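Here is the structure we will look at.
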Amino acid sequence: MKGIKKWLALLVTGCLLVPLAACGGTESVREVAYELPYYDGNYTEELDDPFKPAYNSELWRRANVSIDGADPMVLDDTARSGYFYAYVTGFTYYYSDDLTTWQNGGSFVSLPADLSGSGDTWAPEVIYDEDTDLYYAFFTLNPPADAAYESESAPTYMPMVATSESAAGPFVPVTFDDRNLTYPQFYVKYCLFDNVSYIEAFERENLPDDTAWESIYTLDGGYVDGDEGWVRAIDFHPWVDPDTGEKYLYWSQTPGSIAGVKMIDWLTPDWTTYKTLTACGYYTIDDYVKAMNGEAVETVYYEQIASYCNEGPFMIKHNGKYYLTFSIGAYDQSSYGVMQAVSDSPLGPFRKLSDSENGMLINNDIGENPNVAGPGHHSFFTLSVNGTTKLIMAYHAHNMVDVYTGRHIQFDEVKWVTVKDIDGNDLDVMHVNGPTVTVQPGFGFESEYGDVSDAIESATLVRGSLADGSSADDLADGLISYYTTVSQPFEQNYVKNAEATVTSTFEITLKEPTELRGIMFYNSNSADTMFDRITDIAFICEEDGHEKIYYIEELVRNDDTSLSYDILNERYEVVYASTVYAEFAGINVKSIRFTLEVPEDQASAAIQEVALVGRLKNE
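Okay, structure coming up:
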């Protein structure tokens, strides 16, 4: 690529160093600093797809890595095998030792001969159990019909569990021979749940059925002799409470609710603990019951306008609270997304979070973001990088934004934000810096370089003026907005930009001199406040006991990566939080000064965030 050749030539040139004179502003910086040779990361000339520019994977990453598939569950098995494993619908798995390069491992489940021809092998999740030294894979499938019962169809979405001594498999389904004492069909011995016990547990809750809309509990009749029918259940999520060591299993009672049960072991539910945890369209189960009894309650707007569905549950525990996350809508629709709910107990009662609490965790902005479609069905995992722990969300998105053509896996970072809940109390909630479509700083796992933005100590306004409610601190708060519609009270209160009303200069000070290799500026998610260029970027450095300056004259916004054409509405749209960035040979930086220009035809311009890429401590 022409751009890469340009970048390599500049790096070979090396950097000219000069002593630092008195630095009273960008003018004096320009007088004493030599230009820093750099590679402009937004260079997209001769590329067929501007959203897939050539980039240096040593420093940067893209959210949509080369993993095809849906319903991803990422297992951190690095302590045992040295790999991360990503399991997707269809029994395919991928593995990686750096989260950058992934290999397709093929199928990880070995079905017995009598289950050949099974369909809808959906949403596998795998967990390692230290007590048995085995890996357990939970999934659902539609088994073939039993020929002895020609008048019946096989059950839809039968839950199964399989075990293996390796995260890569082969996983062999567990058989429950006692099942055939109750049910005659051959396939029932593979079913994780005893269907009668499941139905009895649900009926003990005595929840009303929503006949006016959709049911939160679905029975397909006629599959089992002498029974009401077969319970539909998909998207199983095994989870261990990190503080108590107790085992839990969560799933979707498709289509309308999430359920959970405490497990005696990974093969044995304690049905006395069973609970229905969510009801589609309602903030709580209590609200659902009230509504079914004719009372007026507040409903969840996003669930009311989406297809009827709660699915893909995942649990996280943080500061003593339990966070149940789950997908809403239909997987093949653009507005598919993930919500979060909170409880003081792993089996509820759960309350879905409101707009002011960032209830909608990730979404395509209910169709307002034309650059991504269907981000949902997710899992979380953590990374230890540079002495800090990062929470990462893996989720799928559509391969194309204008028509459903399958799905691929994406990764973005999650931040915890303390908000005021609906009762005025402090509550930590999750915020995803995504869904991203452009190049981002690398996570830095098993790498010499990565995101070192946490090295920033302060950000200040040197001169200029900011809009009311805006602060230079917003340049380094770690939060980036990808929404203009969903969760707006949260976005406006907690995910702010540094918005300048006149051309303004900022300075970022690092906690200690840090070797940097790149810098990235995040643009606004609104056409009214997008910047065109960042100028006079000065890196005040320390080398051999002396202060020196490196200098980049400007980084200019590239329309190819900051605007996209919306085919459906036949217009150009802003790419939310698009970036300008540069990379260069390593320099030991103490502070950075730069100027944000306000375009002549705008009242203001905003930078959402400044990110730094540099050498990791690898402690």
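For the sequence shown, the numbering used here begins at 10 and goes up steadily by one. We put the beta carbon where it would ideally sit given N, CA and C, even for glycine. In this text, all values refer to a predicted model and were calculated from it rather than measured experimentally.
Around the C-beta of Trp425, are 16 or more other C-beta atoms found within 10 angstroms, so that it is buried, or is it exposed? exposed
For Leu470, which residues in the same chain have their Cβ closer than 7 Å to its Cβ, ignoring the five residues on either side in sequence? Ala481, Ser513, Phe515
Quick one: which unbroken alpha helix (DSSP H) runs of 4-plus residues sit fully inside the region 355–388? Chain order, please. none
Which stretch, first to last residue, makes up the beta strand (DSSP E) that contains Ser352? 346–352
Would you say Pro179 touches the ligand SAM, meaning its beta carbon is less than 7 Å from a heavy atom? For the ligand SAM, the structure offers nothing, since it holds no ligand at all.
For Ser206, count neighbouring Cβ atoms within 10 angstroms of its own Cβ and tell me buried if that reaches 16, exposed if not. exposed
Assuming Arg70 and Gln419 make a contact with CB atoms under 8 Å, what is their CB distance in whole Å? The Cβ separation is near 11 Å, so there is no contact.
Per DSSP, what kind of secondary structure is Ala620 in: helix, strand or coil? strand
In or out: Thr277 buried (at least 16 other Cβ within 10 Å) or exposed? exposed
Output the distance between the C-alpha atoms of Pro355 and Ala591, rounded to the nearest integer angstrom. 45 Å
Let's test the definition: count the other Cβ atoms within 10 Å of the Cβ of Met409 and tell me whether it reaches 16, buried, or not, exposed. exposed
Would you mind stating whether Asp85 and Phe93 have Cβ atoms separated by less than 8 Å? yes
Every unbroken beta strand (DSSP E) within the region 386–473, with a cutoff of 3 residues, ordered by chain: 397–407, 416–429, 435–441, 448–450, 458–460, 465–472
Between which two residues does the alpha helix (DSSP H) containing Lys299 stretch? 294–301
Any idea what DSSP makes of Ala132, helix, strand or coil? strand
In whole angstroms, what is the alpha-carbon distance linking Pro251 and Lys326? 8 Å
Which same chain residues, not among the five before or five after Ser90, have their C-beta less than 7 Å away from its C-beta? Ala176
Tell me the DSSP secondary structure of Tyr574 in three-state form. strand
What's the C-alpha gap between Thr427 and Ser479? 19 Å
Under the three-state DSSP convention, the category Trp248 falls into: strand
For Asn319 versus Ile294, is the C-beta distance shorter than 8 Å? no
How many Å lie between Ala586 and Ile267 at the Cα? 33 Å
Under the three-state reduction of DSSP, which class applies to Lys198: helix, strand or coil? helix
Collapsed DSSP secondary structure at Asn597 in the structure displayed: strand
Does the distance from the C-beta atom of Thr287 to that of Phe245 stay below 8 Å? no
Let's test the definition: count the other Cβ atoms within 10 Å of the Cβ of Arg472 and tell me whether it reaches 16, buried, or not, exposed. exposed
Based on DSSP bridge pairs, tell me the residues matched to Phe603. Phe515
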